[in-house]
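Heads up: the protein sequence lines correspond to chains A and B, in order.
Per the numbering used here, the very first residue in the first sequence carries number 86; after that it's consecutive.
Per the numbering used here, the very first residue in the second sequence carries number 1088; after that it's consecutive.
Below: one structure, written as structure tokens.
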Amino acid sequence: NGEEDKHDEL
Amino acid sequence: MNVFRLVGDLSHLLAIIMLLKKIWSSRSCAGISGKSQLLFALVFTTRYLDLFTSFISVYNTSMKVIYILCAYATVYLIYVKFKATYDHNHDTFRAEFLVVPVGGLAFLVNHDFTPLEILWTFSIYLESVAIMPQLFMISKTGEAESITSHYLFCLGGYRALYIINWLYRFYSEGFFDLIAIVAGCVQTILYCDFFYLYITKVIYGQKLSLPA
């Protein structure tokens, strides 16, 4: 889903 | 967010600010590899293209903006404002030998064959080797100013803390990103030699000198 695709780390 | 990643990000930010301040206040970039700083600017540019398309948090967005601005400011100081102090003769690492293989690898090994994901993967792989011109330059000049050593210690430490963050996230939320983890381990391993010298020498006030 969209959540996993986002890289939430810098 | 966990304490390891937060301290890691702050260590990274400290390194970037420390270098920028050193160049600005000494009005010189002697001993600094412009190539590594160019590579870091490329790393941030290709990694943070999602700055405008996905919002994670205020912290995430503001740190990305700060990293990009500082990276380009540092490159500007080295190649434009204080270019007379740029040490061409010792900053001779062939950066294309890093960018080309990393670019190829990003096409072959990635999570998703889309432009944004391939660029993110390229950025992760590139960051793991971006410090090599700087380490190479220090090995050529045979020494580094103490502020440059502190910069490298913080820069190396940030990804080492990220490795702990990845372990923590794996055990606490089952999250792991193998590409980031493998590249992060390679990146941290590259600093090991420097970490040893830093701990055994710089802490006791000696100048850091890598074996030429």
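We put the beta carbon where it would ideally sit given N, CA and C, even for glycine.
As the structure is a prediction and not an experimental result, all values here were calculated from the model.
Within chain A, the residues placing a beta-carbon under 9 angstroms from that of B:Arg1092 are Glu94 and Leu95, ordered along the chain.
Chain order gives no chain A residues near B:Ile1103, where near means a beta carbon separation below 9 angstroms; the closest approach is about 11 angstroms.
Listed in chain order, the alpha helix (DSSP H) elements of length 4 or more contained wholly in the segment 1199-1286 of chain B are 1202-1216, 1219-1228 and 1233-1260.
With respect to the C-alpha of B:Asn1147, the residue from B:Lys1168, B:Lys1170, B:Phe1184 and B:Arg1092 having the closest C-alpha is B:Arg1092. Within the same chain, Cβ atoms closer than 7 angstroms to the Cβ of B:Phe1127 are found at Ala1158 and Ala1217, the five residues on either side in sequence being excluded. Counting C-beta pairs with one atom in each stretch, the segment 1193-1203 of chain B and the segment 1226-1233 of chain B have fewer than three that are closer than 8 angstroms, which means they do not touch.
Apart from sequence neighbours up to five positions away, the residues of its chain that approach B:Leu1138 with a beta-carbon distance below 6 angstroms are Lys1151, ordered along the chain. Contact of B:Asn1147 with chain A by beta-carbon distance below 8 angstroms involves Asp93 and Leu95.
Scanning its chain for C-beta atoms nearer than 8 angstroms, with the 5 sequence neighbours on each side dropped, one finds around B:Cys1272 the residues Ile1250, in chain order.
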